[in-house]
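Reading through the structure tokens given below for one structure.
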Amino acid sequence: MLAKQRGDQSSKASKKKEPELSGLPISNSVLDTCNSTFISAQENVAKASKKFYSDTGLMALLCRHNRVLWLVNLTTPGERQHYILALIVQLFRHLPPFWLVGLLYDIACQLHRSLIKWGLLPEYASRLKVAVSMFHAYGHEWPCQLVYHPRKCIGFGLTDGEGCERFWSTTMPLIPSLRVSGFHCRLFILDCQLIHLEGKSMTRLGIWLARRICSCRKRLADAIAKINECGVPVDTLCSEWQAQVKAQTEKSPRQSKNIADKAVTEVISERLKLKHLGLDVAELKDRQAALSSGETEKFEAIGLQLQSTGDALALLTARVKTMEKALGVTGKQQLDALKGNPYLRARMNARALRTRIRARIVEHKFERTKLERAYRRQIAQEKNHAHTAASIHRRQNGISSLINKFNKLADEMMALRRDGKAPPKTHPPRKLNAKKIFRLDVDDELWQEDPGLGDDTTNNMPGWLGNDKVRDGITAMLERDRCLEEEQRLRHEQHSMQEWIAGEFNTLTAACLHHQGLSGFFV
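The sequence shown begins at 1 in full-length UniProt numbering and counts up one residue at a time.
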């Protein structure tokens, strides 16, 4: 049991730091949603009354074999981060300075944000990698799962991080009596319970290891068979997986009152750059034409400058055309006159909304696939299924709300066009049907180019989204990688257990011989 002073020191250290710039793999908006989903992430939510209880709970740190390493008393109404920080510091103090630690925590994304934002644990941060515990991951947003799910993180193997839940289930019968016991009596009972659980765990370590080895081998064979069945090279699957993570962790565009004005200003600025680049190209051509036939080196140097400037001009020209199509205007129109135009504002907001709806539909697709796969395998994890189903239902309502907002913007654009307030030759976007969208049909209007919103930047559907074989192959590839990691770790644990058993056997045999007055040497 950690002393209270350790937790107080971690709390004071975290308050002294000033926030730094974020370098997180996902956006803060996604992390804020995860923060509001879990009660443990909200330190102001009281789990027990301080009016009646001085100790409001326990936080435990367990190894992957579900054995308790340390406990810390919670003395605040809610669960605060300085408790987990104190446990992490205590762990690192007992480990060699070159060891790497993987930490599974139900709100690991919030812990990671705090470590980066506030610069906490600088001496250990480079050796610490965090992930969300297995069954809690389904309550997080899909971009968060892509980054922090243990089955998608390198190095975690098949460890699920749910040892704490198993520990709490064994200590639940003690809750009624411990609520009315004294402080030291409570600690004594908890210590006795821990000693009892450690004794039971010790006798089952061999069974635990054998069960994990059999399960790992079976899952590895299944994963390799699925990779061979999909027929996609592993290198392609790796690149598609990296592309999926990059695409689904990008920040989605948001609506804004000034979004059209900003886009118009940006087009004007890019056109000015385009004009200057055109003048530079013309100047370089004139300088090259003015050179005599003997100035070969200068001719080649100007030729290189002309080539690089011409490439930049071509890229910028394509970018300006794309931006103009997004606005629905041509190069001959006076863009300054379009600032404040309500139709353009609605058009840009609708374009941003459609991008967000697409991203949310894709996330919904992958989450629903996980749930269906779990039911097909008939895994007896009712809590996992219920949590996943509730999360998917909640996000489905959010998608429906976005679709309603999009359709309202489409009606608004139609009304503005009837009133003559829209630029010429513009068309309002097509409305979306929520019922059809949730069927995830690739031919749905959501995935097609909409003339009312300009050219689509996602006409070529990536393999990780549109190819079932690639999606199945990515899942199997991740499963294979985790199984290989688990196999290596189990092999090391098996050797360590054999050495430990041999040492215990030699010690016991030597003690018996010594008791009988004999001597011997064992290896």
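Heads up, the beta-carbon is just placed ideally off N, CA and C, and yes, glycines get one too.
Check whether residue i and residue j have beta carbons under 8 Å apart
{"i": "G157", "j": "R491", "result": "no"}
{"i": "C483", "j": "L220", "result": "yes"}
{"i": "S27", "j": "K251", "result": "yes"}
{"i": "D106", "j": "V68", "result": "no"}
{"i": "C238", "j": "E141", "result": "no"}
{"i": "R127", "j": "W99", "result": "yes"}
{"i": "Q90", "j": "L197", "result": "no"}
{"i": "E270", "j": "L316", "result": "yes"}
{"i": "A352", "j": "L416", "result": "no"}
{"i": "L178", "j": "I189", "result": "yes"}
{"i": "G473", "j": "I227", "result": "yes"}
{"i": "G155", "j": "E493", "result": "no"}
Distance, residue j Cα to residue i Cα
{"i": "L465", "j": "R418", "result": "38 Å"}
{"i": "L111", "j": "E487", "result": "29 Å"}
{"i": "I213", "j": "T475", "result": "21 Å"}
{"i": "R356", "j": "E479", "result": "29 Å"}
{"i": "G57", "j": "P176", "result": "13 Å"}
{"i": "K275", "j": "P143", "result": "40 Å"}
{"i": "T203", "j": "T171", "result": "19 Å"}
{"i": "T75", "j": "D55", "result": "5 Å"}
{"i": "I399", "j": "N349", "result": "16 Å"}
{"i": "Q305", "j": "Q244", "result": "37 Å"}
{"i": "A410", "j": "C109", "result": "37 Å"}
{"i": "S496", "j": "L209", "result": "12 Å"}
{"i": "N384", "j": "W241", "result": "Residue confidence is low: N384 scores 49 on pLDDT, short of 50, so the model does not pin down where it sits. Its coordinate-derived value is still stated next. Going by the C-alpha atoms only, they are around 25 Å apart."}
{"i": "H82", "j": "M413", "result": "51 Å"}
{"i": "G23", "j": "I116", "result": "7 Å"}
{"i": "R174", "j": "L61", "result": "Checking the sequence shown, residue 174 turns out to be Leu, not Arg. Those two C-alpha atoms are separated by around 19 Å."}
{"i": "S187", "j": "I84", "result": "Note that residue 187 is Leu in the sequence shown, not Ser. L187 and I84: Cα-Cα distance of roughly 19 Å."}
{"i": "V234", "j": "K421", "result": "54 Å"}
{"i": "R217", "j": "R354", "result": "44 Å"}
{"i": "residue 528", "j": "M59", "result": "Absent from the model: residue 528. The displayed extent of the chain is 1 to 523, so no value can be given."}
{"i": "V72", "j": "L432", "result": "52 Å"}
{"i": "K405", "j": "H65", "result": "49 Å"}
{"i": "C63", "j": "I207", "result": "17 Å"}
{"i": "L277", "j": "C230", "result": "48 Å"}
{"i": "E499", "j": "H515", "result": "24 Å"}
{"i": "K469", "j": "R211", "result": "31 Å"}
{"i": "K321", "j": "L291", "result": "35 Å"}
{"i": "T509", "j": "G78", "result": "52 Å"}
{"i": "L121", "j": "P96", "result": "16 Å"}
Under the three-state DSSP convention, the category residue i falls into
{"i": "N433", "result": "coil"}
{"i": "A60", "result": "strand"}
{"i": "G102", "result": "strand"}
{"i": "L2", "result": "coil"}
{"i": "L120", "result": "coil"}
{"i": "L69", "result": "strand"}
{"i": "L291", "result": "coil"}
{"i": "V180", "result": "coil"}
{"i": "K421", "result": "coil"}
{"i": "V232", "result": "coil"}
{"i": "D74", "result": "Sequence inspection shows Leu at residue 74; the Asp mentioned does not correspond to that position. L74 falls in the strand class under three-state DSSP."}
{"i": "residue 524", "result": "The requested residue 524 does not occur in the structure, where the chain is confined to residues 1 to 523."}
{"i": "S27", "result": "coil"}
{"i": "K509", "result": "It should be noted that the sequence gives Thr, not Lys, for residue 509. Residue state, collapsed to three classes: helix."}
{"i": "P97", "result": "coil"}
{"i": "E250", "result": "coil"}
{"i": "F92", "result": "helix"}
{"i": "G161", "result": "coil"}
{"i": "Q516", "result": "coil"}
{"i": "P428", "result": "coil"}
Assigned exposure category for residue i - 16 Cβ within 10 Å defines buried
{"i": "residue 603", "result": "Because the chain here runs from 1 to 523, residue 603 falls outside it and cannot be looked at."}
{"i": "L104", "result": "buried"}
{"i": "G163", "result": "buried"}
{"i": "I501", "result": "exposed"}
{"i": "T159", "result": "buried"}
{"i": "R93", "result": "exposed"}
{"i": "H184", "result": "exposed"}
{"i": "V101", "result": "exposed"}
{"i": "H136", "result": "buried"}
{"i": "A223", "result": "buried"}
{"i": "C512", "result": "exposed"}
{"i": "M461", "result": "exposed"}
{"i": "D481", "result": "buried"}
{"i": "C153", "result": "buried"}
{"i": "V267", "result": "buried"}
{"i": "G139", "result": "buried"}
{"i": "V180", "result": "exposed"}
Q: May I ask you to verify whether the segment 145 to 165 touches the segment 118 to 136, counting CB pairs closer than 8 Å and requiring at least 3?
A: yes
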